[in-house]
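Undergrad:
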Amino acid sequence: GGKDRRSGLILTIPLCLEQTSMDELSVTLDYLLSIPSEKCKARGFTVIVDGRKSQWNVVKTVVLMLQNVVPAEVSLVCVVKPDEFWDKKVTHFCFWKEKDRLGFEVILVSANKLTRYIEPCQLTEDFGGTLTYDHMDWLNKRLVFEKFTKESTSLLDELALINNGSDKGTQQEKERSIDMNFLPSVDPETVLQTGHELLSELQQRRFNGSDGGVSWSPMDDELLAQPQVMKLLDSLREQYTRYQEVCRQRSKRTQLEEIQQKVMQVVNWLEGPGSEQLRTQWGIGDSIRASQALQQKHEEIESQHSEWFAVYVELNQQIAALLNAGDEEDLVELKALQQQLSDVCYRQASQLEFRQNLLQAALEFHSVAQDLSQQLDGLLGMLCVDVAPADGASIQQTLKLLEEKLKSVDLGLQGLREKGQSLLDQISNQASWAYGKDVTIENKENVDHIQGVMEDMQLRKQRCEDMVDVRRLKMLQMVQLFKCEEDAAQAVEWLSELLDALLKTHIRLGDDAQETKVLLEKHRKFVDVAQSTYDYGRQLLQATVVLCQSLRCTSRSSGDTLPRLNRVWKQFTITSEERVHRLETAVAFHSSAEKILQECPEQPEAFNEMERFDEIEAVGKSLLDRLTVPVVYPDGSEQYFGSPSDMASAAEHIREKMKLVSLKKQQLRQPEATTPES
Numbered sequence: 001g002g003k004d005r006r007s008g009l010i011l012t013i014p015l016c017l018e019q020t021s022m023d024e025l026s027v028t029l030d031y032l033l034s035i036p037s038e039k040c041k042a043r044g045f046t047v048i049v050d051g052r053k054s055q056w057n058v059v060k061t062v063v064l065m066l067q068n069v070v071p072a073e074v075s076l077v078c079v080v081k082p083d084e085f086w087d088k089k090v091t092h093f094c095f096w097k098e099k100d101r102l103g104f105e106v107i108l109v110s111a112n113k114l115t116r117y118i119e120p121c122q123l124t125e126d127f128g129g130t131l132t133y134d135h136m137d138w139l140n141k142r143l144v145f146e147k148f149t150k151e152s153t154s155l156l157d158e159l160a161l162i163n164n165g166s167d168k169g170t171q172q173e174k175e176r177s178i179d180m181n182f183l184p185s186v187d188p189e190t191v192l193q194t195g196h197e198l199l200s201e202l203q204q205r206r207f208n209g210s211d212g213g214v215s216w217s218p219m220d221d222e223l224l225a226q227p228q229v230m231k232l233l234d235s236l237r238e239q240y241t242r243y244q245e246v247c248r249q250r251s252k253r254t255q256l257e258e259i260q261q262k263v264m265q266v267v268n269w270l271e272g273p274g275s276e277q278l279r280t281q282w283g284i285g286d287s288i289r290a291s292q293a294l295q296q297k298h299e300e301i302e303s304q305h306s307e308w309f310a311v312y313v314e315l316n317q318q319i320a321a322l323l324n325a326g327d328e329e330d331l332v333e334l335k336a337l338q339q340q341l342s343d344v345c346y347r348q349a350s351q352l353e354f355r356q357n358l359l360q361a362a363l364e365f366h367s368v369a370q371d372l373s374q375q376l377d378g379l380l381g382m383l384c385v386d387v388a389p390a391d392g393a394s395i396q397q398t399l400k401l402l403e404e405k406l407k408s409v410d411l412g413l414q415g416l417r418e419k420g421q422s423l424l425d426q427i428s429n430q431a432s433w434a435y436g437k438d439v440t441i442e443n444k445e446n447v448d449h450i451q452g453v454m455e456d457m458q459l460r461k462q463r464c465e466d467m468v469d470v471r472r473l474k475m476l477q478m479v480q481l482f483k484c485e486e487d488a489a490q491a492v493e494w495l496s497e498l499l500d501a502l503l504k505t506h507i508r509l510g511d512d513a514q515e516t517k518v519l520l521e522k523h524r525k526f527v528d529v530a531q532s533t534y535d536y537g538r539q540l541l542q543a544t545v546v547l548c549q550s551l552r553c554t555s556r557s558s559g560d561t562l563p564r565l566n567r568v569w570k571q572f573t574i575t576s577e578e579r580v581h582r583l584e585t586a587v588a589f590h591s592s593a594e595k596i597l598q599e600c601p602e603q604p605e606a607f608n609e610m611e612r613f614d615e616i617e618a619v620g621k622s623l624l625d626r627l628t629v630p631v632v633y634p635d636g637s638e639q640y641f642g643s644p645s646d647m648a649s650a651a652e653h654i655r656e657k658m659k660l661v662s663l664k665k666q667q668l669r670q671p672e673a674t675t676p677e678s
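If you're matching positions, the sequence shown starts at 1 in the UniProt record's numbering and goes up one per residue.
1. DSSP three-state call for Val-186: helix, strand or coil?
2. Quick check on DSSP: helix, strand or coil for Ser-7?
3. Does DSSP put Val-191 in a helix, in a strand, or in coil?
4. Should Gln-244 go down as buried or exposed, given a rule of 16 or more other Cβ atoms within 10 Å for buried?
5. Please say whether Ser-75 and Asp-4 have beta carbons closer to each other than 9 Å?
6. If you draw a straight line from the C-alpha of Gly-283 to the C-alpha of Trp-308, how long is it?
7. Cα separation between Leu-11 and Ile-48?
8. Between Ala-530 and the rest of its own chain, which residues show a CB-CB distance below 7 Å, the 5 nearest in sequence each way excluded?
9. Considering only the alpha carbon of each residue, which of Gln-539, Ile-507 and Lys-525 lies closest to Ala-491?
10. Going by beta carbon distance, what residues of the same chain come within less than 8 Å of Val-263, once the five residues before and after it are set aside?
11. Can you give me the C-alpha to C-alpha distance between Glu-617 and Phe-526, rounded to a whole angstrom?
12. Report the rounded CA-to-CA distance for Val-313 versus Leu-270, giving the unit in angstroms.
13. Hey, quick one: how far does the alpha helix (DSSP H) through Val-518 stretch, first residue to last?
14. What first and last residue would you give for the alpha helix (DSSP H) that runs through Ser-306?
15. Just how far apart, CA to CA, sit Leu-668 and Leu-597?
16. Considering only the beta carbon of each residue, do Val-58 and Val-79 sit closer than 9 Å?
17. When the distance is taken between beta carbons, is Val-409 closer than 9 Å to Gln-375?
18. Could you check whether Ala-225 and Leu-202 sit closer than 9 Å to each other, using their CB atoms as the reference points?
19. Taking the alpha helix (DSSP H) that Ser-275 falls in, what are its first and last residues?
20. Give the straight-line distance between the Cα atoms of Leu-9 and Leu-156, rounded to the nearest whole angstrom.
21. Assuming Leu-416 and Met-457 are in contact, meaning their beta carbons sit under 8 Å apart, how far apart are those beta carbons, in whole angstroms?
22. Among Gln-666, Glu-276 and Arg-626, whose alpha-carbon lies nearest the alpha-carbon of Ala-648?
23. DSSP puts Phe-45 in a beta bridge; with which residues?
24. Take every Cβ of the stretch 565-581, pair it with every Cβ of the stretch 643-663, and state whether three or more of those distances are shorter than 8 Å.
25. Quick one: is Ser-217 buried, meaning 16 or more other Cβ sit within 10 Å of its Cβ, or exposed?
26. Answer yes if the stretch 106-121 comes into contact with the stretch 183-201, meaning at least three C-beta pairs across the two stretches below 8 Å, and no otherwise.
27. Taking just the CA atoms, how far does Asp-469 sit from Gln-281?
28. Please work out which residues of its chain come closer than 6 Å, Cβ to Cβ, to Arg-567, disregarding the five sequence neighbours upstream and downstream, and give them in chain order.
29. Closest to Asn-357 by CA distance: which of Leu-481, Asp-23, Tyr-133 and Asn-429 is it?
30. Would you mind reading off the limits of the beta strand (DSSP E) that contains Trp-105?
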C-alpha cells in the first residue's frame, strides 16, 4: 500500500529462516504484480527484500529471480540486511556491478536507514515507518474480492448464456437451452450480497490514522477494486434481473404446461375410461335388488369420477388465478383450456346425474311394482279363501275390506303407470348421452321390461277384479240371506208378540152389543196384521231357500224358523178363532138381552115369547162356561185369556146382564099369575 518518491508501488518480500520455495514465491509475485493497473506498473516498483531473518544465498536467489519475474517493472530493490552478518560476503557479489544485467538497482541497506530512500509514512512499522497495514486483513479482503470476482464472472457467463439462450432461436431451442443451463452453479443472491458487503467495506477504508496521523488513502488495488466490484455488481444485477424474468417466464410456462398436462389427463380419463364405464351401464334392473346393485355400481363409478372432479376444481382455481395475473399472450390458451375442461366435466357430471336419476326412477318403479304385486297377492289370497261369516255384519266388514283392497290396488296400479311412464320418458332421452353409441337394443330391452311389468300387473288386477265381482255378488247374496233369515226370525218374534198381546190384552167382551161389535171389528184388523206378518215371514223364508240354492249352502237358521213360524201362526189362529167365537157369542147375547130389556110389558108378543128368555139364559151360561175354558193348542199346551181376575170381571158383566134379563122375565110372569085370580 505504500509508494516510493516516484509514486511507484512498494512491494515487500519478507524472507524467513525456513526454506523458501522459489516456485511458490514466483507464483506469488506473478499474482501480486497482476493486481495493479498498467498505469501503476508504468511508474515502476520499489521492492523491499527483508533478509534480516534469511540467508544471503536465499536473498541473492530472490533478487536474481526478480530479473526473470518483473525486470521491466522494478526500478529499485532494497535488500534489508542484518546488522553484521553479510558485510564479509558482499564482495563476493556486487549488485551494483550487475545493474545493467539485472535491469534494476539493488541497494543493501539496514532497516533504520531505509527511510533514506522511502518516506517513513510509506513504510510499515517493521521498517520503522508509520504506515498502518494489516496483512491478514488485506489477505482476507483480497480473498473475498477474488472469490467474488471469480464467482461473479462465472455467474455472469452462466446468466448471459441462460438469458441469451432464452432470447433467440425457436421455442423448442429456447426451452432446450433453458433446460440445459437453467440453474446457475452458485446462488445469485449470495453473490450479490457478498459483492455489496465487499463494496461497503472498500468504501469505508478512508479514515484518519491513529495518534493524529495524516489522512490515509486506500491502496491502489482497493481503488481499482471498487469500480471493478461496482461494475460486476451492475452487470450481475442486470443479468440477474433478466434471469429472474426468464425464470418467471419459465415458471409460468412450466406451470402452464403442468396445467395443460393435468387438464389433458382429466379430459382423457373422462372421455376415455370414465365414458366407457358409463357406456357399459345401460340396464335398469328387473327388480329392487337388481336396481340397488346397479346403484351401488354407479356409486363406485361416481366415486372414481369425484377424484377427477376434485382435480378439475383445483385446476379451475389455478387457471382462474393465472387469468387474473396472466399475460395477454396466455389468456387465449388458458381460456381455451378452461373451456375444454369445463365442457368435458359438465358433460360427464350431467351424464352421471342422468344415470343416477334413471336408476332412482327404476328403483321407485320396481318398488311400486313389488308393493302392487304384494297387494295383488294379498287380494288373491283373500279371494281364494271360502267365505264363512257368522253374520251379516261380518260379511259387510269383509266386503268393505275387499273394496278397500281393490281401491288400494287401483291406486297402486295408477302409481305404477305414472312411475313407468316417467321412466320411459327418461329412457327415451337416454340416446342423447350415448356418445354415438347405438343404444336401441338396450333401450328396447328396458322398455319391453317396463311395459311387460305394467301389462302383467294390469292382467293380474283385471283377474282380481273379476274375482272380486263374483265374490261381491256372493257376499251380497249372503248378506241378503242373513237379512232374510233375520227378518224371518223377527217376523216370528212379532207374531209371538201379537199372540201374547192377544192372550193378555184382548180380554174384554164389551158391556153391550155395540161395544162388542167394535171389539170384534178391531180384532179382525188385529188378525189382518198378524196375517201380514205371517205372510211376510213366509216370503222371507221362501227367499232364503232360493238364496241357499244359489249359494249352494244350507241355512243355519231357516231350518227351524219355518216350523216356529207355522207353530206360532197355528197357535195364533186357534186363539183368534176362540176370541172371535167369544165375541160373536157376546154380540148375540147382548143383542138378544138388550132387545128383551127394551120391550114394553104391555106388548102382547112379549108374553108369547118366554122361550127367548130361556135362549138368552142358555147363551149367557154358554158364554160364561167358555170364559172358564182355556185355549188348547195342537201340542197339548193350554193358554188362558188374561188373568183370572180379568176373566172374573168379564164374567161379572155377563151375569149382571143375565140378572136383568131374569128380572125382566119375572116381571112378565107376574101379570100372568094375577089374571086367573081376578
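All residues carry an ideal CB built from backbone N, CA and C; glycine is no exception. Because the structure is a prediction, the values reported are computed rather than measured.
TA: So, from the listed chains and residues:
1. coil
2. coil
3. helix
4. exposed
5. yes
6. 25 Å
7. 6 Å
8. Leu-495, Leu-498 and Phe-572
9. Gln-539
10. Leu-315, Leu-337, Gln-340 and Leu-341
11. 30 Å
12. 14 Å
13. 513-551
14. 288-325
15. 11 Å
16. no
17. yes
18. yes
19. 275-279
20. 32 Å
21. 6 Å
22. Arg-626
23. Leu-9 and Val-74
24. no
25. In this prediction, Ser-217 scores a pLDDT of 49, lower than 50, which makes its location untrustworthy; no coordinate-derived value is stated.
26. no
27. 45 Å
28. none
29. Asn-429
30. In the sequence as presented, Trp is not what sits at residue 105; that position holds Glu. Its beta strand (DSSP E) spans residues 105-109.
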